[in-house]
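Enquirer: For the sequence shown, the residue numbers in the working numbering are 455 to 602. First, the structure itself, so that you have it in front of you.
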Amino acid sequence: MKFSVITSTVAASLVAGVVFAGGHLAYEQRQAAMKAMGGSLRVIGGMAQGAVPFDADTLATTLATMQAAAETAQGAFPAEPDLSENSKVLAAIWEDREDFDMRLQTLVDTFTTAAANPPADAAALGALLGQVGPQCQTCHQNYRQPTE
455 MKFSVITSTV AASLVAGVVF AGGHLAYEQR QAAMKAMGGS LRVIGGMAQG AVPFDADTLA
515 TTLATMQAAA ETAQGAFPAE PDLSENSKVL AAIWEDREDF DMRLQTLVDT FTTAAANPPA
575 DAAALGALLG QVGPQCQTCH QNYRQPTE
């Protein structure tokens, strides 16, 4: 129970971060959304690996956070290139916008489906993460500057 309360609180704060990112610059909105997704992945990754107990309530909250973050990210890539020095995006996003938008929509659809019908156990959650991981990795390889 204690774990559920803590992780639900963390997930709720991540949702708040995504929701309140709306008034900021596009790169700040992207960063807030990606940080929310990363934090959420750590929460549910621990569940999938059995490092923390599987908790359906925490999972539901976390999937909702990931869905909201992915949807926020969609609106945070303007039509014109936004290559702020504070951002790690590559011009490739705007050079192949159709592919980028398709990949981001696939991520939104994955989280929307998962939030509507959450995995019932750690094994099913692991299967979901097996879908999400390559989606994230491909976008980061193609559209984000390498991290140092």
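Glycine included, every Cβ here is placed at the ideal spot set by N, Cα and C.
#1: Please determine if the stretch 483-501 and the stretch 516-532 are in contact, where contact requires at least 3 C-beta pairs separated by less than 8 Å.
#2: Sort out for me which residues DSSP pairs R673 with in a bridge.
#3: Tell me whether P588 sits in a helix, a strand or coil according to DSSP, three-state version.
#4: Curious, which full-length alpha helix (DSSP H) runs of at least 4 residues does the stretch 498-575 contain?
#5: On the three-state DSSP scale, how would you describe L579?
#6: Using 8 Å as the cut-off, can you tell me whether the stretch 542-549 makes contact with the stretch 589-598, which would need three or more C-beta pairs spanning the two stretches below that distance?
#7: In angstroms, rounded to a whole number, what distance separates the CA positions of G584 and A514?
Expert: Reading off the structure:
#1: The stretch 483-501 is in contact with the stretch 516-532.
#2: Past the boundaries of the shown model lies residue 673; the chain is included only from 455 to 602, so the question cannot be answered.
#3: What you label residue 588 is simply residue 134 of the sequence shown in a count that begins at 1. P588 falls in the helix class under three-state DSSP.
#4: Fully enclosed alpha helix (DSSP H) runs of 4 or longer: 510-528, 546-549 and 551-570.
#5: Here residue 579 corresponds to residue number 125 of the sequence shown, with the count starting at 1. If DSSP states are grouped into helix, strand and coil, L579 belongs with the helices.
#6: The stretch 542-549 is in contact with the stretch 589-598.
#7: Residue 584 sits at position 130 when you count from the first residue of the sequence shown. Residue 514 sits at position 60 when you count from the first residue of the sequence shown. C-alpha separation (whole angstroms): 18 Å.
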